[in-house]
Structure formats: C-alpha cells, structure tokens
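> Take a look at this one; I'll ask things after.
Numbering (the working numbering), first residue to last: -6 to 97.
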C-alpha cells in the first residue's frame, strides 16, 4: 500500500474564517468598498456565480448576506467616510464646488 503525503488544502477544507478573523474582515471591507465605489447592486452577493468566484479566490471566505451588507456594512462604511470628510473639511480654509447639471 502506497501512502500519500497530506496536502495543505486537506487541512483547511471545510473550515471557514471566523467573523473576526483579520482575513475575513479585510475581504469584507474590500467587498464593501467594491460595491459602494462602483455602485454595484447589493444583490450581487446573492448571485451563485459571484459566490463561486469568491470561493475560487478563497474557499474559507464567507460572503455576507444582502441584508447584513445593507443594514450594517454599508452603514459602517458610510459613517467612516463621513467622519473622514468632516475632519478634512474642518481643517480646510475654504471649499470650492463645481456642479454638472447636464449629466444624468
């Protein structure tokens, strides 16, 4: 009988990241930014092909639900952006705005 050496993948198969794992948090943050910055539909996280794509990149990553994305993750990202913007504007001596009224 021939014995085969175990592969690294055999030890991680079936194990998903804990919700507080730094890799899970980093991937969630990147996904939230991707959706927000590109104005992608929130339903993308429910797409089987999108989930398959995410799984192909990292089988342990857990794609958040649409509800969690909309009620918590995007709200958290929104608050972080508002805080940063307030800080920048508080330090500014002046602000100039340009409006484009012809675009849709």
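Just so it is clear, CB atoms sit at the ideal spot from N, CA and C, and this is done for glycine as well.
Below 8 Å, how does it come out for the segment 18 to 38 and the segment 52 to 67: are there three or more Cβ pairs, yes or no?
In short, these stretches touch, since the Cβ pair count reaches three.
> Do you know offhand how far residue 20's Cα is from residue 54's?
Taking the straight line from one Cα to the other gives about 8 Å.
> Here's a check: name, in chain order, each residue in its chain whose Cβ is nearer than 8 Å to the Cβ of residue 77, leaving out the five neighbours to either side.
Excluding positions up to five away in sequence, the list is empty.
> Quick one: measure Cβ to Cβ for residue 25 and residue 70, integer angstroms, because I've assumed they're closer than 8 Å.
Indeed, because the Cβ distance is near 5 Å, the residues count as touching under 8 Å.
> Going straight from the alpha carbon of residue 11 to that of residue 72, what length do you get?
Near 24 Å, if we compare the C-alpha coordinates of residue 72 and residue 11.
> Can you have a look at residue 28 and say buried or exposed, based on whether 16 or more other CB atoms are within 10 angstroms of its CB?
Flag for residue 28 reads buried.
> Cβ of residue 121 within 8 Å of Cβ of residue 94?
Residue 121 lies beyond the range of the chain shown here (-6 to 97); nothing can be said about it.
> Can you grab the Cα-Cα spacing for the pair residue 62 / residue 80, in whole Å?
Computed Cα separation, rounded: 26 Å.
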